[in-house]
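Residue numbers (the numbering used here): 4 to 267.
Comments concern the structure below.
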């Protein structure tokens, strides 16, 4: 009874809220709400000294040092119900069908006996909700039983884990042939989109190559124009100088004329 123990410690000791929350296994905000009378439920204090869980010396140590963690002297006796159905408060009983519907939809591996024990219902009610023959089936909405307060998260996890162990593993046929890989069918729309992407990529590549070729041609033309301008400038500086090729031709012609004169 952690809430009742926390209530007694708040009223009868000077322990910090963090110490009480740690000892009772509660959240500090719950302890704060109980101290400020903001909790939704009122609890009757339970004396941990009388049950032997704490001693006055241990409480005094905690009051002297707010960082001290209380040590439980004796574990509380766990009270379990061995007979009769699970008790559900009257205010929560109308929520049972919603919790049962949630379990049937989200955890079909849980047996009817486990659902009956967890929620505190009968198999007839479970079958009526499963078969949609319940008298109020139109108003049943699947809701988490933990949120509804019909059970704790720890109890639900334990039932789910136990049910998962009972699920038989799928049998593997060693002689069965290995299934051929499934080939995904491509629709005509996807093919058309792929072709358009390919055409666009080809156009972009051709445009890039054309731009490179134009740039290379412009550079070559500029280089030739620069060489021509350099030759013209050199000719203007030396107007009397004849090209080497013309001088060679004239020299050849002169030697031919001299040879003809000598023969004459």
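Beta carbons are placed, not taken as given, at the ideal position from N, Cα and C, and that holds for glycine.
query: Would you say residue 195 and residue 162 are within 8 Å of each other, going by their C-beta atoms?
result: For the purposes of this step, residue 195 is taken as the residue at position 192 of the chain shown. For the purposes of this step, residue 162 is taken as the residue at position 159 of the chain shown. Result no, Cβ atoms of residue 195 and residue 162 do not sit closer than 8 Å.
message: Just to check my reading of the structure: residue 8 and residue 51 have Cβ atoms closer than 8 Å, yes? What is that Cβ distance to the nearest angstrom?
response: For this step, residue 8 is matched to residue 5 along the chain shown. For this step, residue 51 is matched to residue 48 along the chain shown. Correct: roughly 5 Å between the Cβ atoms.
- prompt: So residue 151 and residue 115 are in contact, right, with Cβ under 8 Å, and what is the actual spacing, rounded?
  reply: For this step, residue 151 is matched to residue 148 along the chain shown. For this step, residue 115 is matched to residue 112 along the chain shown. In this structure residue 151 is not in contact with residue 115, their Cβ atoms being roughly 19 Å apart against a cut-off of 8 Å.
query: Just the Cα atoms here: how many angstroms apart are residue 20 and residue 32?
result: The count along the chain shown starts at 1 and reaches residue 20 at position 17. The count along the chain shown starts at 1 and reaches residue 32 at position 29. For residue 20 and residue 32, the distance between alpha carbons rounds to 9 Å.
query: For residue 148, does the count of other Cβ atoms within 10 angstroms reach 16, so buried, or fall short, so exposed?
result: Sequence index remark: in the chain shown, residue 148 carries index 145 (1-based). Its Cβ being crowded by 16 or more others within 10 Å, residue 148 is buried.
message: In whole angstroms, give me the CA-to-CA distance for residue 16 and residue 145.
response: Position 13 of the chain shown, counting from 1, holds the residue named residue 16. Position 142 of the chain shown, counting from 1, holds the residue named residue 145. Approximately 44 Å between the Cα atoms of the pair.
- request: For residue 138, count neighbouring Cβ atoms within 10 angstroms of its own Cβ and tell me buried if that reaches 16, exposed if not.
  value: By 1-based counting over the chain shown, the position of residue 138 is 135. That one is exposed.
Buried versus exposed call for residue 68 [16 or more other C-beta atoms within 10 Å across all chains shown]: Start at 1 with the first residue of the chain shown, and residue 68 comes out as number 65. Label assigned to residue 68: exposed.
field: residue 65 (DSSP reduced to helix, strand or coil)
entry: Position 62 of the chain shown, counted from the start, is the residue given in the question as residue 65. Looking at residue 65 - three-state DSSP - the assignment turns out to be helix.
- prompt: What does a CB cutoff of less than 6 Å around residue 71 pick up in its chain, not counting 5 residues either side in sequence?
  reply: On the chain shown, position 68 is the one that residue 71 refers to. Excluding positions up to five away in sequence, the list reads 64 and 65.
- prompt: Relative to the alpha-carbon of residue 47, which residue among 5, 56, 134 and 61 has its alpha-carbon at the smallest distance?
  reply: For the purposes of this step, residue 47 is taken as the residue at position 44 of the chain shown. Minimum Cα distance to residue 47 is reached at 5.
message: Starting from residue 33, trace the alpha helix (DSSP H) in both directions and tell me its first and last residue.
response: Counting from one through the chain shown, the residue named residue 33 turns up at place 30. Taken as a continuous stretch (DSSP letters only), the alpha helix (DSSP H) holding residue 33 covers 31-38.
field: Inter-residue spacing [alpha-carbon to alpha-carbon] between residue 130 and residue 27
entry: The residue given as residue 130 occupies position 127 in the chain shown. The residue given as residue 27 occupies position 24 in the chain shown. When rounded, the distance between both Cα atoms is 40 Å.
message: Just to confirm the assignment, what range does the alpha helix (DSSP H) spanning residue 102 have?
response: Counted from its first residue, the chain shown places residue 102 at position 99. Per DSSP, the continuous alpha helix (DSSP H) segment holding residue 102 begins and ends at 99-109.
- request: Would you give the residue range spanned by the alpha helix (DSSP H) that residue 14 belongs to?
  value: Counting from 1 along the chain shown, the entry for residue 14 is found at position 11. Counting along the chain, the alpha helix (DSSP H) containing residue 14 begins and ends at 5-15.
task: Could you check what DSSP says for residue 167 in three-state terms: helix, strand or coil?
output: Residue numbering aside, residue 167 sits at position 164 when the chain shown is read from its first letter. Annotated three-state conformation of residue 167 is helix, per DSSP.
message: Just to confirm my understanding: we take residue 202, look at its own chain, exclude 5 residues before and 5 after, and list those with CB closer than 7 Å. What are they?
response: Within the chain shown, numbered from 1, the residue matching residue 202 stands at position 199. Closer than 7 Å at the Cβ level, and outside the excluded window around residue 202, lies no residue.
message: Using CA atoms only, rank isn't needed, just tell me which of 74, 75 and 159 is closest to residue 112.
response: Within the chain shown, numbered from 1, the residue matching residue 112 stands at position 109. Per the Cα distances, 159.
- request: Following the continuous alpha helix (DSSP H) through residue 149, name the residue where it begins and the one where it ends.
  value: As a position in the chain shown, residue 149 is number 146, starting the count at 1. Where residue 149 is concerned, the enclosing alpha helix (DSSP H) stretches over 148-151.
- request: Take the Cβ of residue 100 as the centre, count every other Cβ of all protein chains shown within 10 Å, and call the residue buried at 16 or more, exposed below.
  value: To locate residue 100, count along the chain shown from 1; it is residue 97. Looking at its Cβ environment, which holds 16 or more other Cβ atoms inside 10 Å, residue 100 is buried.
task: Under 8 Å by Cβ, that's how I've got residue 56 and residue 77 pegged, so tell me the actual separation to the nearest angstrom.
output: Taking the chain shown and counting its residues from 1, one reaches residue 56 at position 53. Taking the chain shown and counting its residues from 1, one reaches residue 77 at position 74. Going by Cβ atoms, the distance from residue 56 to residue 77 rounds to 6 Å, so yes, they are a contact pair.
- request: Starting from the C-beta of residue 49, find all residues in its chain whose C-beta is less than 6 Å away, skip the five residues before and the five after it, and write them out in chain order.
  value: In the chain shown, residue 49 corresponds to position 46, counting from 1. Excluding sequence neighbours, residue 49 sits near 4, 7, 8 and 11.
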